[in-house]
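J.: Could you have a look at this structure, given as structure tokens, before my questions?
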Amino acid sequence: MNTTKPTPTNQPGNKKTTNPIIIILVLIIIAVGAYFFFTNGSTNSNTNQTANSNTKSADQVSCEAAGGNWGWHGPSSTKNCNLPTTDGGHECANETDCQAGLCIAELDLNQQEIVDQGGIVQTAGTCPAWQRIFGCYYIVADGKVEGGELCID
Numbered sequence: 000m001n002t003t004k005p006t007p008t009n010q011p012g013n014k015k016t017t018n019p020i021i022i023i024l025v026l027i028i029i030a031v032g033a034y035f036f037f038t039n040g041s042t043n044s045n046t047n048q049t050a051n052s053n054t055k056s057a058d059q060v061s062c063e064a065a066g067g068n069w070g071w072h073g074p075s076s077t078k079n080c081n082l083p084t085t086d087g088g089h090e091c092a093n094e095t096d097c098q099a100g101l102c103i104a105e106l107d108l109n110q111q112e113i114v115d116q117g118g119i120v121q122t123a124g125t126c127p128a129w130q131r132i133f134g135c136y137y138i139v140a141d142g143k144v145e146g147g148e149l150c151i152d
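Here you go:
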């Protein structure tokens, strides 16, 4: 018969080891907690925005007060103001006739085909209603359209 007794692990002189996986898990939990504590759980890098989407920025308020359209215009990654022009809808013959710097032609399909094949169409255009213009347009210069559409991002 064996008379040796098992040695308890909580006796002085016995080393108790901690599993490294537990240590790693505790550190991960602490790191995640710290992240959410310091960022309030937000993944938005813009700390000026509040959780209340009804709150308007000073820029948005001044934009809307001037009759502007606040939002995403074109490929911009931030909201911005698109102000109306003072000459929107007026007839033009050149980009210098319009506040937005473009004189846009409204061509019928026959005229579009002529221009797209390298021809010239004599016509007047219209000044855009907004200062920021995006999309593809036939542009009037010196009372004529030539060279195809201009696409603006």
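Numbering-wise, numbering that gives the first Met the number 0 puts 116 at position 117 of the sequence shown, and it's gapless, one number per residue. Glycine included, C-beta positions come from ideal geometry on N, C-alpha and C.
1) Expressed to the nearest angstrom, what Euclidean distance is found between the alpha-carbon atoms of ILE103 and GLY146?
2) Would you report the Cα separation of LEU106 and LEU149, rounded to the nearest angstrom?
3) Identify, in the order they occur along the chain, each residue of the same chain with its Cβ nearer than 6 Å to the Cβ of ASN47, setting aside the five sequence neighbours on each side.
4) Is ILE23 a contact residue of the ligand FAD, with contact defined as CB to any heavy atom under 7 Å?
5) Since GLY70 sits in a beta bridge, which residues does DSSP pair it with?
6) Alpha carbons only, please: which of SER56, PHE35, THR122, ILE138 is nearest the one belonging to THR77?
7) For ALA140, I'd like the list of residues in its chain whose CB is within less than 8 Å of its CB, leaving aside the five on either flank, ordered along the chain.
8) Whole angstroms are fine: how far does the CA of PHE133 sit from the CA of VAL120?
9) Among the residues of its own chain, which have a CB less than 7 Å from the CB of GLU63, if the five just before and after it don't count?
10) Suppose you measure from the CA of ASP152 to the CA of TYR34; what does that come to, to the nearest Å?
11) Could you tell me how far apart the beta carbons of ALA99 and THR85 are, in whole angstroms, since I believe they sit closer than 8 Å?
12) Excluding sequence positions up to five away, which residues of its chain have a Cβ less than 6 Å from the Cβ of LYS143?
13) Could you name the residues of the same chain whose beta carbon sits closer than 8 Å to that of ASN51, not counting the 5 residues immediately before and after it, in chain order?
14) Using the three-state DSSP reduction, which class does GLN121 fall into: helix, strand or coil?
15) With burial defined as no fewer than 16 other Cβ atoms inside 10 Å of the residue's Cβ, what is the status of PRO127: buried or exposed?
16) Closest to ASP58 by CA distance: which of LEU82, GLY73, GLN130, PRO74 is it?
T.: Reading off the structure:
1) 14 Å
2) 13 Å
3) At ASN47 the pLDDT is 47, less than 50, meaning the model places this residue with poor confidence; the figure from the coordinates comes in the next sentence. Closer than 6 Å at the Cβ level, and outside the excluded window around ASN47, lies no residue.
4) You won't find the ligand FAD in this model; it holds no ligand whatsoever.
5) ASN79
6) SER56
7) ASN93, GLU94, CYS102
8) 23 Å
9) TRP69
10) 37 Å
11) About 10 Å; that fails the 8 Å criterion.
12) ILE119, GLN121
13) Low confidence applies to ASN51: its pLDDT is 49, below 50, so where it sits in the model is not reliable, and the reading given next is rough at best. Nothing meets the Cβ criterion.
14) strand
15) buried
16) LEU82
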